[in-house]
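J.: Here it is, the structure in full.
Residue numbers (my numbering): 29 to 358.
Spelled out as structure tokens, the structure:
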């Protein structure tokens with residue numbers, strides 16, 4: 029299973045929108061995708077689903093969400109569902125829908141993380157791997173080529189359990205001081221979680237009948253987003269932050285001792301440098317489709333049609349670069 033988490037503890041960088049648009053672009057390119065909404069705010073689910081469908085899912089006695097799939101385990105009456113509910117967005121996109129009640133799992137996940145160090149506590153490993161195992165069941169059921177995981181902007185226990193389910197991590201960044209600081213937080217955190225999970229798996233209880241996720245969390249690269257453009261270049265106010273990203277990524281995320289400094293647009297770890305599509309987003313939300321699939325019938329007129337085409341090319345290039353990076357890992 030190839031699972032990618034998009035992660036940054038700095039909010040407002042367009043992470044959820046990225047997951048949404050990448051899902052549709054991978055589908056457009058013929059890949060089957062499972063999307064896991066592990067952000068308790070469930071913003072990704074609200075992008076994929078209408079309010080009517082969300083209300084139907086959340087009000088049902090047997091909620092069709094990822095939280096419901098893991099509930100028996102957390103309630104102490106069983107284990108996770110081996111047949112998680114998959115909301116079929118289209119023939120190639122399956123969604124594990126989010127749930128505001130997912131936030132209730134934070135304390136238990138925090139407690140059981142420590143309990144994994146106890147070699148006589150198999151339940152701790154079942155709880156910590158609940159997300160990973162649910163995603164794996166969904167991946168196999170849907171016959172997916174790829175999994176995308178959306179998480180909240182924090183360094184809490186829910187995100188730690190979500191990241192354990194991932195093989196790779198992509199970090200979305202805005203061109204500002206806060207994203208630079210985000211790299212300084214995220215990089216050491218990924219290393220700490222990776223090492224701590226490796227320590228726990230080595231001391232797992234004897235006879236534990238689980239295939240534990242590797243928790244590789246391998247950095248795949250970063251994406252720069254949402255900057256204003258003037259004459260095809262970022263405005264000066266943002267340029268100074270953009271140019272700091274290659275060095276900071278190498279030092280904080282890759283932990284390189286003597287990193288080679290490079291210009292951002294020549295950086296091998298830069299997956300995309302996305303423009304601001306602000307005028308398209310409200311139309312896309314109203315039409316309930318990705319920005320690059322908007323048509324004149326949706327209200328796209330004049331220069332916006334060129335922006336749609338540009339958006340399509342940008343996300344196609346990004347998706348292809350991600351696939352290329354993944355293939356090199358094999």
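Using N, Cα and C, we set each Cβ at its ideal position, and we do this for glycine too.
Alpha carbon to alpha carbon, how far is residue 189 from residue 156?
T.: Computed Cα separation, rounded: 6 Å.
J.: Who are the Cβ neighbours of residue 147 in its own chain at under 6 Å, not counting the five residues just before and after it?
T.: 231, 233, listed in sequence order.
J.: How is residue 35 classed by DSSP in three states: helix, strand or coil?
T.: DSSP places residue 35 in coil when its eight states are reduced to three.
J.: Would the beta-carbon of residue 128 fall within 8 Å of that of residue 73?
T.: No, they are not a contact pair.
J.: Using the beta-carbon count (16 or more within 10 Å), is residue 259 buried or exposed?
T.: With a pLDDT of 45 at residue 259, under the threshold of 50, the modelled position of that residue is not reliable, and no figure is offered here.
J.: Please state the DSSP three-state secondary structure of residue 29.
T.: Residue 29: coil per DSSP, three-state reduction.
J.: Which value, in whole angstroms, describes the spacing of the CA atoms of residue 339 and residue 69?
T.: Looking at the two C-alpha atoms, the distance is approximately 26 Å.
J.: Taking just the CA atoms, how far does residue 328 sit from residue 312?
T.: The straight-line gap from Cα to Cα measures roughly 10 Å.
J.: Roughly how many angstroms lie between the CA atoms of residue 43 and residue 143, to the nearest whole one?
T.: When rounded, the distance between both Cα atoms is 31 Å.
J.: Give the single residue among 206, 71, 298, 109 whose Cα lies nearest to the Cα of residue 349.
T.: Out of 206, 71, 298, 109, 298 has the C-alpha closest to the C-alpha of residue 349.
J.: Answer yes or no: do residue 376 and residue 178 have a C-beta to C-beta separation smaller than 8 Å?
T.: In this structure the chain extends from 29 to 358, so residue 376 is not present and cannot be described.
J.: My understanding is that residue 54 touches residue 347, with C-beta atoms under 8 Å, so please give their C-beta distance in whole angstroms.
T.: About 6 Å; that satisfies the 8 Å criterion.
J.: With distances taken between CB atoms, is the gap from residue 184 to residue 134 smaller than 8 Å?
T.: Going by C-beta atoms, residue 184 is nearer than 8 Å to residue 134.
J.: May I have a chain-ordered list of the alpha helix (DSSP H) segments no shorter than 4 residues that lie completely inside the stretch 62 to 121?
T.: Segments of the alpha helix (DSSP H) lying fully in the stretch 62 to 121: 71 to 76, 79 to 87, 94 to 102.
J.: Contact between the stretch 89 to 97 and the stretch 201 to 210 is defined here as three or more beta-carbon pairs at a separation below 8 Å; is this criterion met?
T.: The answer is no - the stretch 201 to 210 does not touch the stretch 89 to 97, with fewer than three Cβ pairs under 8 Å.
J.: Could you name each continuous beta strand (DSSP E) segment of 3 residues or more that falls completely within the stretch 229 to 256, going from the start of the chain to the end?
T.: You should have 246 to 253.
J.: Quick one: what's residue 196 bridged to in DSSP?
T.: Answer by DSSP bridge pairing, in chain order: 32, 246.
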